[in-house]
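*Asks:*
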Amino acid sequence: MSNDSVRPSPRSTADRLVILVESRALRLAFSVLATLMLLASLLMPGRAVAQSQGAHKVASDLRDALRESGAPRQRWAREHDGVRKVQAVVVADSSDPDLVELRAAVLAAGGSVYHRYLAVPALYVMLPADRVDDIAARADVQSISPNRRAARTFSTLELATGAAAVRSGGRFAGLDGSGVGIAVLDSGIASTHQGFRDAAGRTSRVVRAVDLVGMADESAKDRGAQADLYGHGSHVAGVAAGRGGSQALDAAGIAPNANLIDVKVLDSEGQGQLSDVLAGIDWVILHAGEYGIRVLNLSLAADSTESYLTDPLCRAVRSAGAAGIAVVVAAGNYGRGADGTERYGSISAPGNEPSAITVGAVNMHGTPQRGDDSVNFFSSRGPTRGVHVDAQGRRVIDNLLKPDLVAPGNKVVSVLATDRSGTWSALASRYPELSAPYGGTAQPRGQQLMNLSGTSIAAPAVAGTLALMLQANPGLTPPLAKAILQYTAQPLAGANLLQQGTGLLNVDGAVRLAGALRSDIAERIAGGTLAPGDNLLAPGKTLPLPVSVVDGSVVPWSRIVVAGGSHLFSGSALFTQHQPIYDPRLVWVRQSAQRLVLAGSPRIRSIVALPVVAQRFLTPGVAWVTRLAGESSLRGRTGGFIPTATLAGWLASGSGIVLSEGIVLSEGIVLSEGIVLSEGIVLSEGLVLSEGLVLSEGLVLSEGLVLSEIVVRGEP
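Position 182 of the sequence shown, counting from 1, maps to 182 under this note's numbering, and the rest follow consecutively.
1. Please state if the CB of VAL206 and the CB of TRP283 are separated by a distance shorter than 8 Å.
2. At a cut of 8 Å, does the region 437-456 reach the region 492-505 through at least three beta carbon pairs?
3. Just mark SER60 as buried or exposed, buried being the case when its beta carbon has 16 or more other beta carbons within 10 Å.
4. Could you tell me whether the Cβ atoms of VAL415 and SER234 are closer together than 8 Å?
5. Tell me, please, which residues DSSP counts as bridged to HIS115.
6. Does DSSP put MET450 in a helix, a strand or coil?
7. Assuming GLY649 is part of the alpha helix (DSSP H), what are its boundary residues?
8. ALA472 to ASP390, Cα distance in whole Å?
9. Indicate whether LEU581 and SER319 have their beta-carbon atoms separated by less than 8 Å.
10. Using the C-alpha atoms, what's the distance from LYS57 back to ALA199?
11. Quick one: what's got a C-beta closer than 7 Å to ALA522's C-beta in the same chain, skipping five residues either side?
12. Hey, how far is the Cα of ALA463 from the Cα of VAL86?
13. Residue ranges of each beta strand (DSSP E) run of no fewer than 3 residues wholly in the region 297-338, ordered along the chain?
14. Does DSSP classify THR576 as helix, strand or coil?
15. Within the same chain, show all residues whose beta-carbon is closer than 6 Å to that of GLY238, passing over the 5 residues directly before and after it, in chain order.
16. Between TYR487, GLY179, ASN333 and PRO479, which lies nearest to GLY292 when the distance is taken from Cα to Cα?
17. Please say whether ALA417 and GLY270 have beta carbons closer to each other than 8 Å?
18. So does the region 502-521 actually touch the region 158-165, counting three or more Cβ pairs closer than 8 Å?
19. Which value, in whole angstroms, describes the spacing of the CA atoms of MET450 and SER429?
20. Among the residues of its own chain, which have a CB less than 7 Å from the CB of ALA322, if the five just before and after it don't count?
21. Taking 8 Å as the cut-off, decide whether the C-beta atoms of ALA240 and ALA227 are in contact.
22. Have a look at ILE457 and SER299 and give me their C-alpha separation to the nearest angstrom.
23. Distance check for TRP650 and PRO643, CA to CA, integer angstroms please.
24. Whole beta strand (DSSP E) runs in the region 362-443 with 3 or more residues, listed along the chain?
25. Look at the alpha carbon of ILE604 and the alpha carbon of PHE172, and state the distance between them as a whole number of angstroms.
26. How do the region 627-637 and the region 325-340 stand: do at least 3 beta-carbon pairs fall below 8 Å, yes or no?
27. Compare the Cα-Cα distances from SER786 to each of LEU102, HIS365, LEU400 and ILE347 and report the closest residue.
28. Report the CB separation of LEU62 from PRO146 in whole angstroms; it is logged as a contact under 8 Å.
29. In the region 133-211, which residue ranges form an unbroken alpha helix (DSSP H) of at least 4 residues, counting only runs that do not cross its ends?
30. Excluding five sequence neighbours on each side, which residues of the same chain lie with their C-beta closer than 7 Å to the C-beta of PRO408?
31. Compare the C-beta of VAL284 with all C-beta atoms of chain C and state if any pair is closer than 8 Å.
32. Between which two residues does the beta strand (DSSP E) harbouring LEU586 extend?
33. Quick test of your reading: VAL328 and LEU466, contact by CB under 8 Å. State the CB separation rounded to the nearest angstrom.
34. Please specify which runs of the alpha helix (DSSP H), each continuous and at least 4 residues long, are wholly inside the region 471-527, giving them in chain order.
35. Who are the Cβ neighbours of PRO312 in its own chain at under 7 Å, not counting the five residues just before and after it?
36. So GLU101 is in the alpha helix (DSSP H); what residue range does that whole segment cover?
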């Protein structure tokens, strides 16, 4: 900063910067000089010519603002007493380091000088808009630029998912997850890391931490939480809601101002017990109102082969959804067997739960551009293969369509956890290659970064997106939010429904569609005052066009929603009219349905599932596209194996069957079974996960270091 003395600026922080004139005598000298220069300029016959010669020195965005009529739209332009003024940086072309004559010229033009810079020969000024050309025409001026807003660069994750597009402009500019709580059930969160601080950089956004490891009861809430000794939970939390900016490489997450709730259920080796995870979900349900928890992230899996009907984790996830909490679950890292062949039917629990938002992983190939993205080889494929025995003693396999969508999950950069003494977590210590690209052990304390790969890392990107959607529209229910995520996802070329679900996460599309809907949906569903077919659009709103622009590329939406376990639907009626499937307490799967009843107020004491005999699920006007996909054939690329992009293309051209009567459950019959998957052949029979954490894929450069899904054991 210059040592020249100052005078106050008329406005704000920038305006409180100072002009560089020291003494009264010097000010008087400048005033006389400015007056003489002004008189000289008025007497010069060539002033108009000089102005035109300086026009090329004015930045185009400043030039456009000078030509605008009406109230100024830019933050660096303002009207005062009928005079438009602009804040600008005037770069000099002068041998005088103090820029005496140029400063005098600005004053003579009726402007103010706030600062003279050292690193560049320039002045920060306020100028009347009609005098900008006069200053630009001077021989000692090189250029004039408006005082543009400067901000951190967006991380690769933000650019690739469309979060950057949401925050950089339009109606939802600045959307960051504020006011939304994301509960992370994992190995803990390193709350002192800079990535978890608030916007002011002072307070941690980890608003509550509990440790339930080995204590599957409510009393565990009093123990507090220890550091994340394993490192998985902190990385996951950073992807969902890390602030980034702690290093030159920006590793910001999707919702960098959301609140985080640390529910520790995994130990220092990344292992845990089913009982603890269930207790963690209970804790979240019971404390959701207290901490504003609207999203729950589960980047873990249990070694279960049960159907979603009986699996305890699935049932707990279902209950959390009924309580109004959107649950995001990792699909699993079992998409390729030990022999290198692709494994269908490898979705882990609770990713096989129909109401969960199950997320597979995509390889971004190190770029924010989406055109080269592909589904990771390790990402688990559908269908779900949980087994139950029906009333007739028959063995029934679920065979539900999963995953729901995919998100970036390869070499994603996020938080490296340490304890309070600075000791690295186990993951970072054992695999130094994870942090080597970002400085390894030389990284500043509290700012360390590393990368991880896996569906565990893809899931929190969706959790963060839900926080943005709920900030834009707090009236979304979990099933409605899930439908929006699927409908706006981008189908990746070459991948089918069982590999990618409806496509790649599209934050821009999800937020825009969420923002077009009314904000009292959840409240009215809970109160029973929203009837099937009622208008869902916010007053004065229409549905956005089904396309987004992400990092400069056009991103088509899939326009596909999976419901009923294995049915495919499309059409604008899904979001212009209320669909009963958006009731979070209604769970419909093929030819059966349950209604979850929450008892107790204000504290929930029990959640009971009751069978539903008669129920409308969808209204007339919705397009049923299950038949369009056809029967499943891997060789024929139909049914579950149909490329999502192919099906989306047909929908864009108007294909599909529009339901004239909607879908109504009556005497146990609803259309058909949906997409039917034959037994055997390409399907993996059941799923048994290995104990503990292993390197299931080894070190593969193209895919990053892939860790098998965190596993919780069924026995203590």
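Every residue gets a Cβ at the ideal spot worked out from N, C-alpha and C, and that includes glycine.
*Replies:* Taking the coordinates as given:
1. No, they are not a contact pair.
2. Flag = no, the region 437-456 and the region 492-505 do not touch.
3. It is exposed - the Cβ of SER60 has fewer than 16 other Cβ atoms within 10 Å.
4. Contact annotation: VAL415 and SER234 have beta-carbon atoms nearer than 8 Å.
5. Among the bridge pairs identified by DSSP, HIS115 is matched with TYR124.
6. Strand at MET450.
7. Counting along the chain, the alpha helix (DSSP H) containing GLY649 begins and ends at 644-652.
8. Using only the alpha carbons, I get a separation of about 43 Å.
9. Here residue 581 turns out to be Ile, not Leu, going by the sequence shown. Between ILE581 and SER319, the C-beta spacing is not below 8 Å.
10. For ALA199 and LYS57, the distance between alpha carbons rounds to 36 Å.
11. Residues GLY324, GLY475, LEU476 and THR477 of the same chain have their beta carbon placed closer than 7 Å to that of ALA522, with the five preceding and five following residues left out of the count.
12. Cα atoms of ALA463 and VAL86: separation of roughly 41 Å, rounded to the nearest angstrom.
13. Entirely contained in the region 297-338, the beta strand (DSSP E) runs reaching 3 residues are, in chain order, 326-330.
14. The answer is helix: DSSP assigns THR576 an H, G or I state.
15. Around GLY238: GLY195, GLY253, SER414 and VAL415.
16. For GLY292, the closest C-alpha among the options TYR487, GLY179, ASN333 and PRO479 is that of GLY179.
17. ALA417 is positioned such that its CB atom lies no closer than 8 Å to that of GLY270.
18. Judged by Cβ distances under 8 Å, the region 502-521 makes contact with the region 158-165, as three or more pairs qualify.
19. Approximately 11 Å, taken between the alpha carbons.
20. Excluding positions up to five away in sequence, the list reads PRO584, ARG585, LEU596, LEU598 and ILE607.
21. Cβ distance not < 8 Å, so ALA240 and ALA227 don't count as in contact.
22. The straight-line gap from Cα to Cα measures roughly 7 Å.
23. Each residue's alpha carbon lies about 11 Å from the other.
24. Within the region 362-443, the complete beta strand (DSSP E) runs of at least 3 residues are 387-389, 395-397, 405-408 and 412-415.
25. Approximately 34 Å between the Cα atoms of the pair.
26. With a cut-off of 8 Å on Cβ pairs, the region 627-637 is not in contact with the region 325-340, counting fewer than three such pairs.
27. Only positions 1 to 716 of the chain appear in this structure, which leaves residue 786 out of reach.
28. Confirmed, about 4 Å.
29. Qualifying alpha helix (DSSP H) stretches, in chain order: 156-161 and 163-168.
30. Hits under 7 Å: LEU157, ALA160, THR161, VAL362, MET364, ALA458 and ALA461.
31. Absent here is chain C; the protein component of the structure consists of one chain.
32. Boundaries of the beta strand (DSSP E) harbouring LEU586: 586-589, taken from the DSSP string.
33. The Cβ separation is near 7 Å, so the contact holds.
34. Those alpha helix (DSSP H) runs which fall completely within the region 471-527 and span 4+ residues are 478-488, 497-500, 507-515 and 521-527.
35. Result list for PRO312: LEU274 and LEU278, in chain order.
36. That run of the alpha helix (DSSP H) goes 100-108.
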